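Going left to right, the sequence shown walks through residues 1 to 244 as the UniProt record's numbering numbers them.
Worksheet: one structure, shown below.
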Amino acid sequence: MNLTLRIWRQAGPEAPGGLTTYQVTGISPDMSFLEMLDTLNEELILRGEVPVAFDHDCREGICGACGMVINGQAHGPERTTTCQLHMRHFRDGETIDVEPWRAAAFPVVRDLVVDRSALDRIIGSGGYITAPTGSAPDAHATPVPKESADLAFEHAECIGCGACVAACPNGSAMLFTAAKVVHLNVLPQGAPERGRRARAMVGAMDAEGFGGCTNTGECATACPKGIPLSGISLLNREFLRGGR
Numbered sequence: 001m002n003l004t005l006r007i008w009r010q011a012g013p014e015a016p017g018g019l020t021t022y023q024v025t026g027i028s029p030d031m032s033f034l035e036m037l038d039t040l041n042e043e044l045i046l047r048g049e050v051p052v053a054f055d056h057d058c059r060e061g062i063c064g065a066c067g068m069v070i071n072g073q074a075h076g077p078e079r080t081t082t083c084q085l086h087m088r089h090f091r092d093g094e095t096i097d098v099e100p101w102r103a104a105a106f107p108v109v110r111d112l113v114v115d116r117s118a119l120d121r122i123i124g125s126g127g128y129i130t131a132p133t134g135s136a137p138d139a140h141a142t143p144v145p146k147e148s149a150d151l152a153f154e155h156a157e158c159i160g161c162g163a164c165v166a167a168c169p170n171g172s173a174m175l176f177t178a179a180k181v182v183h184l185n186v187l188p189q190g191a192p193e194r195g196r197r198a199r200a201m202v203g204a205m206d207a208e209g210f211g212g213c214t215n216t217g218e219c220a221t222a223c224p225k226g227i228p229l230s231g232i233s234l235l236n237r238e239f240l241r242g243g244r
């Protein structure tokens, strides 16, 4: 495959940025999108040019580090992480635009790398439970209804990649925050902090500069782990409950 890439290049947070065009040839359809970028970077290094900076880690669709906007879609045309997106989903000769996450709360560090530490601070504000120290409790010491366990597991799948924020026209982090609140609040282990968790985490989200939610649903569509939009309704319920 031969491709034309238009990639956002930005030397630093305060530097001006723009799309730079590159030609890549001999790309295998079985390559992942990140492997294709690796190929481009090898060519740039051989030419004495600065390689394209992008986030990645496990490359197994687990860590959520590999976020970028591909042809206007968070993580690209498939509902998966960028590292699991393969080049067979593109056409030979296609022009592909590659940009960083676009959100006020995700400042660009360099090229396709953005600072997503705002998500960590949201978790830090309430994403924990009070746990007794000492020996481990028996496996079934705290009974959990299957419905609650299923709901918790569904929301615990969130990997914090930020695709929901990048896809939202308002740059909202409501789906991310909902996932972190719901998976703790529906379990008995999360009960001690339940009354304040949602308000603390929503407060932290607002303080970080994320936009408001208008229920467009783009967040759930872009989520590679399928976190349901209904989680936002559950978050709103927990937020109101916490004010009693």
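Heads up, the beta-carbon is just placed ideally off N, CA and C, and yes, glycines get one too.
Note that the coordinates shown come from a computational prediction; the quantities given were computed from them, not determined experimentally.
Measure the C-alpha to C-alpha separation of residue i and residue j and round it to an integer number of angstroms.
{"i": "L40", "j": "L187", "result": "47 Å"}
{"i": "D115", "j": "R194", "result": "29 Å"}
{"i": "H86", "j": "R79", "result": "12 Å"}
{"i": "A103", "j": "I232", "result": "19 Å"}
{"i": "P192", "j": "C168", "result": "32 Å"}
{"i": "G61", "j": "C83", "result": "6 Å"}
{"i": "G26", "j": "P13", "result": "33 Å"}
{"i": "L175", "j": "M36", "result": "30 Å"}
{"i": "A207", "j": "M1", "result": "45 Å"}
{"i": "A204", "j": "T95", "result": "39 Å"}
Report the CB separation of residue i from residue j in whole angstroms; it is logged as a contact under 8 Å.
{"i": "A173", "j": "C158", "result": "Going by Cβ atoms, the distance from A173 to C158 rounds to 11 Å, so no, they are not a contact pair."}
Can you say whether residue i is buried or exposed, counting buried as having 16 or more other CB atoms within 10 angstroms of its CB?
{"i": "H140", "result": "exposed"}
{"i": "I7", "result": "buried"}
{"i": "P132", "result": "exposed"}
{"i": "T177", "result": "buried"}
{"i": "L184", "result": "buried"}
Looking at the structure shown, is residue i part of a helix, part of a strand, or coil, going by DSSP?
{"i": "A152", "result": "helix"}
{"i": "S28", "result": "coil"}
{"i": "D97", "result": "strand"}
{"i": "R79", "result": "coil"}
{"i": "R88", "result": "helix"}
{"i": "residue 245", "result": "Residue 245 cannot be examined here, being either before or after the span of the chain that is shown, 1 to 244."}
(request) Indicate whether the contact test is met: 3 or more Cβ pairs, each with one atom in the region 66-74 and one in the region 46-53, closer than 8 Å. (result) No contact exists between the region 66-74 and the region 46-53.
(message) Under 8 Å, with one C-beta from each stretch per pair, do the region 225-239 and the region 187-202 reach the 3-pair mark?
(response) In short, these stretches touch, since the Cβ pair count reaches three.
(message) Does the contact criterion of 3 or more C-beta pairs under 8 Å hold for the region 145-157 versus the region 202-222?
(response) The answer is no - the region 202-222 does not touch the region 145-157, with fewer than three Cβ pairs under 8 Å.
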